[in-house]
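A.B. asks: Same order as they appear, the protein sequences are chains A and B. Numbering (the numbering used here) for the first sequence: 1 to 287. Numbering (the numbering used here) for the second sequence: 1001 to 1425.
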Amino acid sequence: MNREIREAFFFILPLGIFVLLLMLLPVIGSFWISLWQDVSFLPRKFTGLGNYFRLFKDFQFWQSAGFTLIFSFASVTLEMVAGTIIALVLNESFRFRGIMRGTALLPWAIPSVIGARIWQLIYRYDYGLANYVLRGTSGLSVNWLGSSGGAFLSLVLADSWRTTPFVAIILLAGLQSVPQGLYEQAKIDGANLFQRFFKVTLPVIKPVVIVALIFRTIDALRVFDIIYVITGGGPGGFTTSVSLYSYKYFLLGDFGYGSTVSIFLFIIAFTVAFLYIRAGRFREAAL
Amino acid sequence: MMKRFFLLVLISFVFSSGCSKKESLLTFAVGGAPNEVDYWEKLIGEFENRTHIRVKLLRQPTDTDIRRQSLVTPLNAKEKDPDLFLMDVAWIAQFAASGWLLPMDPYVKKDSFDTTQLFGSVVHQVDIYKGEIISMPVYIDCGLLYFRRDLLKKYGYSTPKTWDDLLQCAEKIQGKERKNNSGFFGFVWQGAQYEGLVCNFIEFIASNGGNIVSKAGSITVYSKENIQALQFMRNLIHKYQISPPNTFTEMREEEVRTFFENGNALFERNWPYAWKLHNSQGSPVRGKVGITLLPKFDNGRHAASLGGWHIGISRYSDKKDEAWELVKFILSYETQKKLCLNLSWNPARIDIYDDPEVKEKMPHMEVLKKAFESTVARPNSPYYTQVSELLQRYVNAAISGKIEPNEALKEAQRGIEKIVERYHE
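1) Excluding the 5 residues preceding and the 5 following B:Lys1021 in the sequence, name in chain order all residues of the same chain whose CB lies nearer than 6 Å to its CB.
2) Would B:Leu1331 pass as a contact of B:Met1104 if the rule is Cβ separation under 7 Å?
3) So for B:Lys1021, helix, strand or coil by DSSP?
4) In the DSSP assignment, find the unbroken beta strand (DSSP E) run with A:Met100 in it and report its ends.
5) Straight-line CA distance for B:Thr1247 to B:Phe1372?
6) Using beta carbons (cut-off 7 Å, strictly below), is A:Phe18 in contact with chain B?
7) Going by DSSP, name the residue or residues bridged to B:Val1270.
8) Any Cβ of chain A within less than 7 Å of the Cβ of B:Ala1265?
9) Tell me the DSSP secondary structure of B:Pro1347 in three-state form.
10) With a cut-off of 7 Å, does the C-beta of A:Gly128 fall near any C-beta of chain B?
11) Determine the chain A residues that contact B:Asp1088 at a beta-carbon separation under 7 Å, and present them in chain order.
12) Tell me, which residues are paired with B:Ile1219 by DSSP?
13) Apart from the five residues just before and just after A:Thr231, which ones in its own chain have a Cβ nearer than 6 Å to its Cβ?
14) Leaving out the 5 sequence neighbours to the left and right, which residues in its chain are closer than 7 Å to A:Ser141 when beta-carbon positions are compared?
15) Given that B:Pro1382 touches chain A, what residues does it touch there, using C-beta distances under 7 Å?
16) Determine contact between the region 1079–1094 of chain B and the region 1292–1303 of chain B, defined as no fewer than three beta-carbon pairs at a distance below 8 Å.
17) Which residue from B:Trp1324, B:Arg1178, B:Arg1148, B:Val1037 puts its Cα closest to that of B:Asp1083?
18) Residues of chain B with CB under 8 Å from A:Leu251, in chain order?
19) List the DSSP bridge partners of B:Ser1314.
20) Measure from the C-beta of B:Pro1245 to each C-beta in chain A and report whether the shortest distance is under 7 Å.
21) Taking only runs of the beta strand (DSSP E) that begin and end inside the region 1114–1201 of chain B, which ones reach a length of at least 3 residues, in chain order?
22) Please tell me whether A:Tyr249 and A:Gly237 are closer than 7 Å, where the distance is taken between their beta carbons.
23) What's the call for A:Arg44, buried or exposed, on a 16-neighbour Cβ count within 10 Å?
24) Would B:Lys1021 pass as an interface residue toward chain A - the criterion being a Cβ-Cβ separation below 7 Å?
25) Under a three-way DSSP split, which group does B:Ile1227 fall into?
26) Measure from the alpha carbon of A:Val113 to the alpha carbon of each residue in A:Phe224, A:Phe18, A:Glu79, then state which is nearest.
27) For A:Leu252, does the three-state DSSP call read helix, strand or coil?
28) Evaluate contact between the region 1042–1050 of chain B and the region 1271–1284 of chain B, counting only Cβ atoms and requiring at least three cross-stretch pairs below 8 Å.
29) Could you list the residues in the region 135–152 of chain A with a C-beta less than 7 Å from some C-beta on chain B, going in chain order?
30) Under 7 Å between C-beta atoms, does A:Lys248 make it to chain B?
31) Identify whether B:Ser1305 lies in helix, strand or coil by the three-state DSSP scheme.
32) Report all residues from its chain with a CB closer than 6 Å to the CB of A:Arg222; omit the five preceding and five following residues, and keep chain order.
33) Going along chain B in order, which residues have a C-beta closer than 8 Å to the C-beta of A:Pro235?
34) By the DSSP assignment, the alpha helix (DSSP H) with A:Val200 in it spans what residues?
35) What are the residues in the region 1097–1126 of chain B lying within 8 Å of chain A by C-beta distance?
36) Can you pull the chain B residues whose beta carbon is under 7 Å from the beta carbon of A:Tyr183, in chain order?
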C-alpha cells in the first residue's frame, strides 16, 4: 500500500465509521431481529427465515406493497415532469426571479406532517376547500377520500405538491451547469426548442436527474406521514403503505415481523437505487 | 451477544457526552389534551407536597397510538423509566401478557386497599390478568347517544329507545331541517378506519344480540346478528342517508363532536367528554343537548363500548413503592372527585357518583352511571390490536360500500383465525 492510498483511506475513515455506525448497524440489527419470533408476549425463539416465508404468503402485505409501488411510480413521475417544467422556467431570466425561486421552494420547507394536515383540510368533505369551490361552481360535494381511486389520487397530489420543489431545485442546479455555448451551436444547426431540450439539456443534466430520481423514489417508497395523516390507510385498508404496515406490527409488539417488512422495504429501495445508478452510468458521465 | 455490543456502544456514547449525575425521580407518563396534562401537573404538585416524593411528569401527546408507542419502546427495552403510566383499556392485555406490568396484589393486601370502591365489572373485565391485579381504573368511558332536546320537542318526538325509533325520527327531522340547513344530518358516529370504528361496531352488534367474544372466550365475528348490524350501519350512510357520506373516511370523535356542536346533526354517538364541550360558553348547542343510552334492536340490549384509562406500574421500575403511593393518591376519593369536577372525567370510584357536590354540578352523571352498567368490553387478548386492525379494515370496507357485509365478516373471521393461530400461546 503506497502512501497516497493510505492517506486517502485515512480521509475516508470518518465517513466510513459514520456510515457503519448510523446506517449499516441499524440495518444489520433489523435483519437480526427479523430472524426471530420477537413478540413481546410470546417466548422469544429463533425462526430463521420463518418470518420471510410468512411474508410471502401474506396477502395484505402484497396488497400494500403493490399500492406502495404504484403510488411511488405515479407520484415520482408527476414530480419529475412538474419539477422539470418549473426548473426550466426558473432558469430563464425575468423580473423577480429570486422571489419566484424562493416561493417555489416553500412547500418543501413546510414540515411534511403540517403539509399533510393542510391537504387533509382541503379534502375535508363538509368544510374542505375543494368541496367549497365545487359547491360554489356546480353545487356538488365529492367525498374525495371515500373511494380507492379518489384516495389514491388525493395522496399522489398531496405528495407531489410537497416534493416537486425539491426536484425543481436539484434540476435547476443542473441546468445552470449547461454551457450556454451548446445552445447557440444547436440553434445554428437548426434545432428547435424540443430538440434542444432532449438532445442538449437532458444528456448534460442526466446525472442530476438520476440523483433526484433516487432521492424521490426512495422517499416515495418509504411514504408514511402523509398517509398516516390524510387517510390512515383507508378506505378499507386500500392505501396502507409498506411503512405504515410495518409500523402497525411494531405497535402490536411483533418486532420480528415488523422488522421483516422493513427489511423487505430496504431491499426494494436498495434495488431501485442500484438500477438507477447503473442506468445513470456515472462513470461515463464523469469522464 | 448483539445486545451486549449495543450496550457497549451506548455506554461509550453516554460517557463521552459527560452525563451529569441526576437525582432519580418517580416518572409518570401522562398524555391527553393540553388542559388535561396541565391539570395533572397541578395534582402531582399536591402529591409532592404531601409525600415529599419527587415526581417527573413525562408529557405525552393526545394521539392514543403515539402514547402507546412511546410506552412500548422503553418497556420492551426493560427501561426503568417511566415508573408508571396511563393505559387505554385496549392495550392492557398486551402489556400484561408481555410481563411489563407489576402485579399490585401485595400492595393492595399490605395497605388493605379497598378495590370494591371501584366499578367491579370494569376491574373484573380489564384489570385482572391470570388472577392478579395488574392495573387500576382511573376513569371510565363508554359510548353514549347525544340528542338535540330542542329539535325533538319542536317536532314532537320522544327520546329513541330502539334503532327503529331513531331512524324514523331522524329521517323526518332531517327532511324538515334541510330546508334551512342543507348540510343537516340525522345521526353522526365514528366510521373512519381506526380503533373508534371497532367501538361503534361492537355497540351496534351487541345491541342486536351479537358479540365478538364467544362464551368459550374465542373471537368470532361471522354470525347472523353481526351481519345484520353491519348492514344497518352501512344503510345509515347509503340507503337511509341519515349519516353523512364522509362517515367512513373522516368521522372520528372530534369530527363528530364539532359536526354536532355546529348544529348540523340531530343525534350523535360519542364518549362522555363531549358533554362538557357541547355545553361550554360559545357552543351553538349549549343547553339544547340531552344524553341517553344508545338504542337497541328489538332482540338486543342497550350496549356501550367500554373505554377509559387505567394506571399501571412498570415491572422494571426502580421506584415501585413510591409508584404505588401515587396510584393510591390518584384513586383517593379526593383526587377522583377533583378529576371529575375539573376535567369531567368519569370516576372509577362508584362513591363519587353519590357525592352531593358532583350530583349538583353534573346532573348527567346519573345517566352515565347507568350506562356504565351496560358496557361491553373489547376482546381482552394480547393480540387484540391485530384483531382490531383487521376488523377496522373489513368493517370500514363494508360501510364504504366496497364489499358486502356478509363477505366482509366472513373474510374477517378467516383473518382472525390466522391471527389466533399465530399469536396464541
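Built from N, CA and C at the ideal position, the CB exists for glycine as well.
C.D. replies: Result, derived from the coordinates:
1) Caution applies to B:Lys1021, whose pLDDT of 45 falls short of 50 and renders its modelled position unreliable; the value that the coordinates give is listed next. Apart from the 5 residues on each side of it in sequence, B:Lys1021 has no Cβ closer than 6 Å to any other Cβ in its chain.
2) In this structure, B:Met1104 does not lie closer than 7 Å to B:Leu1331 by Cβ.
3) Per-residue confidence for B:Lys1021 stands at a pLDDT of 45, beneath the threshold of 50, marking its modelled position as unreliable; no derived number is given.
4) That residue, A:Met100, is in no beta strand (DSSP E); its alpha helix (DSSP H) goes 97–109.
5) Taking the straight line from one Cα to the other gives about 26 Å.
6) Using beta-carbon distances, A:Phe18 does not count as an interface residue toward chain B, since no partner is under 7 Å.
7) As written in the sequence, residue 1270 of chain B is Asn, which differs from the Val given in the question. B:Leu1144, per the DSSP bridge assignment.
8) The beta carbon of B:Ala1265 sits no closer than 7 Å to any beta carbon of chain A.
9) Here B:Pro1347 carries a strand assignment [DSSP, helix/strand/coil].
10) No, A:Gly128 does not count as interfacial toward chain B.
11) Those within 7 Å of B:Asp1088 in chain A number zero; the least Cβ separation is about 12 Å.
12) In the DSSP secondary-structure assignment, B:Ile1219 is bridged to B:Val1213.
13) Leu145, Ala151, Thr239.
14) The beta carbon of A:Ser141 is closer than 7 Å to those of Tyr125, Asn131, Leu134, Arg135 in its chain, skipping five residues each way along the sequence.
15) Simply Phe41.
16) A contact is defined here as three or more CB-CB pairs under 8 Å, and the region 1079–1094 of chain B fails this definition with respect to the region 1292–1303 of chain B.
17) When only C-alpha atoms are compared, the closest one is B:Trp1324.
18) Chain B residues near A:Leu251: Asp1065, Arg1068, Gln1069, Val1072, Thr1385.
19) According to DSSP, B:Ser1314 bridges with B:Leu1101.
20) Yes, contact with chain A.
21) Given a length threshold of 3 residues, each whole run of the beta strand (DSSP E) inside the region 1114–1201 of chain B is given here in chain order: 1136–1142, 1144–1148, 1185–1188.
22) No, they are not a contact pair.
23) When all chains shown are included, A:Arg44 counts as exposed.
24) Low confidence applies to B:Lys1021: its pLDDT is 45, below 50, so where it sits in the model is not reliable enough to give any reading.
25) DSSP places B:Ile1227 in helix when its eight states are reduced to three.
26) Nearest of A:Phe224, A:Phe18, A:Glu79 to A:Val113, Cα basis: A:Phe224.
27) Residue state, collapsed to three classes: helix.
28) With the cut-off at 8 Å, the region 1042–1050 of chain B and the region 1271–1284 of chain B do not touch.
29) From the region 135–152 of chain A, only Asn143, Leu145, Gly146 have a Cβ closer than 7 Å to chain B.
30) Yes, contact with chain B.
31) Shown here, B:Ser1305 sits in a strand according to DSSP, grouped into three states.
32) Contacts found: Ser243.
33) Those within 8 Å of A:Pro235 in chain B are Gln1193, Phe1248, Thr1249, Asn1396, Ala1397, Ser1400, Lys1402.
34) Membership of A:Val200 in any alpha helix (DSSP H) is not indicated, and neither H nor E is assigned to it by DSSP.
35) Correct list: Ala1097, Ser1098, Gly1099, Trp1100.
36) For A:Tyr183, no chain B residue has a Cβ inside 7 Å of its Cβ, as the nearest lies near 50 Å away.
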